[in-house]
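Visitor: Would you mind keeping the following structure in view while I ask a few things?
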Amino acid sequence: IYPGSLVNPEMIEFFKKEVPFAEMHDSSQLNLENITALIEKAVYENKKVARLVSGDPAFYSAIQEQIEVLRKKEIPYEVIPGISSAVAGAAKLGIELTYPELSHTVIFTRIAGKTGGATSEEIKRLALKKATLVFFLSAGYAEELKKILLEVLSPETPVAILYRLTQKDEKVLHGTLKELDILLKKENIKKTALIYVGEVLNCVFKNLGKRSKLYGKS
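Basically our numbering = 1-based index in the sequence shown + 418.
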């Protein structure tokens, strides 16, 4: 069971070739009850079920509601970690999200939308911590997000936008906070993008020369 709107289609084709006897179900066309019924039926038939999510299941994967249903039905489960898109994004940028004297904290969050998220006041408090901010599910609210962040951060604060990461049509955009919504509009990006904000993004283009004590000479 996989989210067809998010998972790389090449991965699905690979699975179909490697495990041709497996049933394949696209969860983007299903609701929680449909998914649960599929799992329950397969378990009853002594089949193994893999509920694939995009990225790591610990962040914005909506698996908790499925876990609660499985517990009620006394169906055993195991969560297998993946690679969060936020971590894959750091790898694509070629940097570390934490850096001596610059960023000791990384915050994964989202701006409040249809299904909840951080309020403007909460975002401003988070931004004041001088952390590296990574916004999930927020591309459609870029103009609002920019206005909120500009109340507490410099217009020249570096930003990076990673669209459809690891897929053939992926895009990596760089700019400053004052350009955030402009960059997204120019590329017509409205969803399936991560937004990174913070001074640590300067490391993408230049060496800052900070040293950790861990590997210091003394």
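All residues carry an ideal CB built from backbone N, CA and C; glycine is no exception. This one's a predicted model, so the numbers in the text were calculated from it and none came from an experiment.
Our contact map puts I579 next to L591 with C-beta atoms below 8 Å; I'd like the distance itself, whole angstroms only.
Guide: Contact flag correct, Cβ pair sits at about 4 Å.
Visitor: Check F404 in the structure and name its three-state DSSP category.
Guide: This structure does not reach residue 404, given that the chain is present from 419 up to 636, and the question cannot be answered.
Visitor: Going by DSSP, what residues sit across from A536 in a beta bridge?
Guide: Note: A536 sits in a beta bridge opposite I529.
Visitor: Taking the beta carbon of S572 as the centre, do at least 16 other beta carbons fall within 10 Å, making it buried, or is it exposed?
Guide: By the neighbour-count rule (16 or more Cβ atoms within 10 Å), S572 is not buried but exposed.
Visitor: Assign A611 to one of three DSSP states: helix, strand, or coil.
Guide: The answer is strand: DSSP assigns A611 an E or B state.
Visitor: Please work out which residues of its chain come closer than 7 Å, Cβ to Cβ, to I566, disregarding the five sequence neighbours upstream and downstream, and give them in chain order.
Guide: Around I566: S538, I541, K542.
Visitor: What's the C-alpha gap between C621 and G507?
Guide: Cα to Cα, C621 sits roughly 14 Å from G507.
Visitor: Using a Cβ-Cβ cutoff of less than 8 Å, which residues in the same chain neighbour E483 once the five nearest sequence positions on both sides are dropped?
Guide: Same-chain partners within the cutoff: L450.
Visitor: Once DSSP output is grouped into helix, strand and coil, what is the label at G500?
Guide: Here G500 sits in coil by DSSP.
Visitor: Give every residue of the same chain whose Cβ lies closer than 7 Å to the Cβ of H522, excluding the five residues on either side of it in the sequence, and list them in chain order.
Guide: Excluding positions up to five away in sequence, the list reads T516.
Visitor: So, is A545 buried or exposed, given that buried needs 16 or more other C-beta atoms within 10 angstroms?
Guide: By the 10 Å Cβ count, A545 comes out buried.
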